[in-house]
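Going left to right, the sequence shown walks through residues 1 to 205 as full-length UniProt numbering numbers them. Heads up, the thing below is written out as structure tokens.
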Amino acid sequence: MTDTFKPGPDAVQIIEREACFRGFYSLDRLRLRHLQFSGEMGPALSRELFIRHDAVCVLPYDPQRDEVVLIEQFRVGAMGKSASPWLLELVAGLIDTDEQPEEVALREAMEEANLTLSSLWPISEYFPSPGGSDERVYLYLGRCSSQGAGGVHGLAEEGEDIRVHVMPLEDALDAVRDGRINNAASIIALQWLALNRAEVRGLWS
């Protein structure tokens, strides 16, 4: 293995790409080779790639009250693998038009939680499952007032049925610790806020 390994434009060779499924999401099968750490080109590999729109997730936070706003909704992927397929999550949406990530965050906060966000604080951009999906997540903290937040929201034409929860940050962190909050974006955002709470409150209060 060499410490000077630096992938260039020819580090990955696509031998064949087959469209296996096209719908709201897509699935492709690729045959490819990639450069190895030895400096040699590796063997041909077969990989399926789940193609998704990039996503935006935002954690609404009230710095005055030290409260977060989370949403609860049904998630088909959690069926059979979780105590309940209704998950506590962040406000989220897909970038499926020419909107910028910040625009999606503001729009989804209104659609899913009836919240107006006055500021956005970028937390991270990350790939939640790069072994088989090309989805990238833009993660934000959103400044809001949690006073009066609640109720059930979402777009009826999209079948959304979303319940809003307002929680002290410490209660949300307890929910991460005991597994009630068990999805990646929520865990990442809440842990980030726990680490950066003093700075955020100092600038936003």
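Every residue gets a Cβ at the ideal spot worked out from N, C-alpha and C, and that includes glycine. Predicted model, so just to flag it, every value in this text is computed and none were measured.
### Query
Does the beta-carbon of E108 have 16 or more other beta-carbons within 10 angstroms, so that it is buried, or is it exposed?
buried
#### Entry: Between the CA atoms of K6 and A156 - distance to the nearest angstrom
49 Å
### Query
Does R143 get closer than 8 Å to chain B when you measure Cβ to Cβ?
In the structure shown, chain B does not exist; there is a single protein chain.
### Query
Could you check where the alpha helix (DSSP H) with D174 kicks off and where it finishes?
For D174, the uninterrupted alpha helix (DSSP H) segment begins and ends at 169-177.
#### Entry: Burial state of R143, where buried means 16 or more other Cβ atoms lie within 10 Å
buried
### Query
Hey, how far is the Cα of P130 from the Cα of Y138?
Taking the straight line joining both Cα atoms gives about 15 Å.
### Query
When burial is assigned at 16 or more other CB atoms within 10 Å of the CB, is G132 buried or exposed?
Exposed, by the Cβ-count rule.
#### Entry: For C57, the residue or residues it bridges with in DSSP
A92, L139
#### Entry: alpha helix (DSSP H) segment containing residue 220, residue limits
Examination of residue 220 is not possible in this model, given that the chain is present from 1 through 205 alone.
### Query
Would you call the CB atoms of L88 and A189 closer than 8 Å?
Cβ distance not < 8 Å, so L88 and A189 don't count as in contact.
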